[in-house]
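This report refers to the structure that appears directly beneath it.
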Amino acid sequence: MKVIRPLPRRFFDRPADQVARDLLGSRLVVRGADGRVSRHMVCETEAYLGAHDLACHAARGMTPRNAVMFGPAGIWYVYLCYGMHWMLNVVTGPPGVPAAVLIRGVGGHQGPGRLTRALGIDARHGGLPAARETGLWFEAGQDVPPRLVARTPRIGVGYAGAWAEKPLRFVVDPETLVSVEDVGRRSRRRPRRTEA
DNA sequence: ACGATGATGAAC
DNA sequence: TTCATCATCGTA
């Protein structure tokens, strides 16, 4: 039987929008405290491109919080938002380029704060590599054909001027993705939150 | 439409 | 040391 290896670091050492697109259909894999492993299909991501991207945390320079974004690819960037939600990101691109991809939705869990809560992800993961040893990594899943990928503006970044409108959010309807032979029929598109 | 809830970063 | 600001979510 085929051995599934974690997505390697080089997978993430590319522009964030490419990584965000290609993570759709992959599996986010978590090993819980009890040793059990669970796999979750990635169905929604957002790309934060670097210091020039005004929606990116690194747009105003390096701080203790965002420092990990300036490092090598394949490292978890986890931060607390609105006082209660842990946001899971993976750093992309070469050192010096502070870019990352936000994991915004995985199968069965809509919303970045809900999925971290459900999977037990928090600050402990920040700064660690996405690898088996850390208990949180990615594995290749199924390829998602382009026609099933929707691109929209990112959520909650209305302050970012022109960057707020760029289509850097990538969504695939998990219902659609489940049945590969059903690609001819576009399933109902879920109504999404809109910008303010 | 809005309040919960707390770290973060910048100003003072 | 204060203060505004959040890459959200549940309830209304």
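For the first sequence, our numbering begins at 371 and goes up steadily by one.
For each residue, glycine too, the CB sits at the ideal point set by N, CA and C.
Computed from a prediction, not measured in an experiment: that's the story for all the values here.
{"query": "As assigned by DSSP and simplified to three states, the class of residue 398", "result": "strand"}
{"query": "Cα-Cα separation, residue 534 to residue 418", "result": "11 Å"}
{"query": "Cβ pair count under 8 Å reaching 3, the region 515–525 against the region 535–545", "result": "yes"}
{"query": "Minimum length 3: unbroken beta strand (DSSP E) runs contained in the region 474–525", "result": "506–509 and 520–522"}
{"query": "Cβ separation of residue 379 and residue 444, assumed to be a contact under 8 Å, to the nearest whole Å", "result": "4 Å"}
{"query": "Contact set for residue 491: own chain, Cβ-Cβ below 8 Å, skip 5 residues either direction", "result": "400, 448, 456, 458, 485 and 506"}
{"query": "Residue from 530, 544 and 494 with nearest C-alpha to residue 479", "result": "544"}
{"query": "CA nearest to the CA of residue 412, picked from 498, 500 and 475", "result": "475"}
{"query": "Distance between residue 425 and residue 373 (C-alpha atoms, nearest Å)", "result": "38 Å"}
{"query": "CB-CB length for residue 385 against residue 462, believed under 8 Å", "result": "7 Å"}
{"query": "C-beta contact flag for residue 460 and residue 470 at 8 Å", "result": "yes"}
{"query": "Residues near residue 391 by beta carbon distance below 6 Å, same chain, minus five either side", "result": "540"}
{"query": "Backbone secondary structure at residue 389 - three-state DSSP", "result": "helix"}
{"query": "Distance, residue 450 Cα to residue 493 Cα", "result": "8 Å"}
{"query": "Between the CA atoms of residue 465 and residue 442 - distance to the nearest angstrom", "result": "5 Å"}
{"query": "Counted within 10 angstroms of its Cβ, other Cβ atoms place residue 396 as buried (16 or more) or exposed", "result": "buried"}
{"query": "Coil, strand or helix - residue 466 by DSSP", "result": "coil"}
{"query": "CB of residue 546 within 8 Å of CB of residue 473, strictly", "result": "no"}
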